[in-house]
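Visitor:
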Amino acid sequence: MEEEKKEREKLVSEGWISTLSIEDIEDVIDNLSQQIEAPTQEQILAAFTFYYENDAFFECDEE
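Going by UniProt numbering, the letters in the sequence shown line up with residues 1 to 63, in that order.
#1: Is the Cβ-Cβ distance between F57 and L32 less than 9 Å?
#2: Anyone know if the C-beta pair for I22 and F48 falls short of 9 Å?
#3: Would you identify the three-state DSSP class for E4, choosing helix, strand or coil?
#4: Buried or exposed for V28, going by 16 or more other Cβ atoms inside 10 Å?
#5: Among the residues of its own chain, which have a CB less than 7 Å from the CB of F50, if the five just before and after it don't count?
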């Protein structure tokens, strides 16, 4: 428990911030995978960024 607290403090001091929960990450990937059969890393990153900035899932135009 103490080690975990020290690790968090270290990350915060280095400028890291918490952005998405594991559930959110899974939901973003799941949603994107329903729209695109094999999303690229760039598409996944774009979907994460969109979700983080808009609190909404990315909708792609690909068919």
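All residues carry an ideal CB built from backbone N, CA and C; glycine is no exception.
This structure is a prediction, so every number in the text was calculated from the model and none was measured.
Guide: In terms of the structure at hand:
#1: Counting from one through the sequence shown, the residue named residue 57 turns up at place 57. Counting from one through the sequence shown, the residue named residue 32 turns up at place 32. For F57 and L32, yes; Cβs fall inside 9 Å.
#2: Residue 22 sits at position 22 when you count from the first residue of the sequence shown. Residue 48 sits at position 48 when you count from the first residue of the sequence shown. Going by C-beta atoms, I22 is not nearer than 9 Å to F48.
#3: Translated into the one-based positions of the sequence shown, residue 4 becomes position 4. In the structure shown, E4 sits in a helix (DSSP, three-state: H, G or I).
#4: On the sequence shown, position 28 is the one that residue 28 refers to. With 16 or more Cβ atoms within 10 Å of its Cβ, V28 is classed as buried.
#5: To locate residue 50, count along the sequence shown from 1; it is residue 50. Result list for F50: F58, in chain order.
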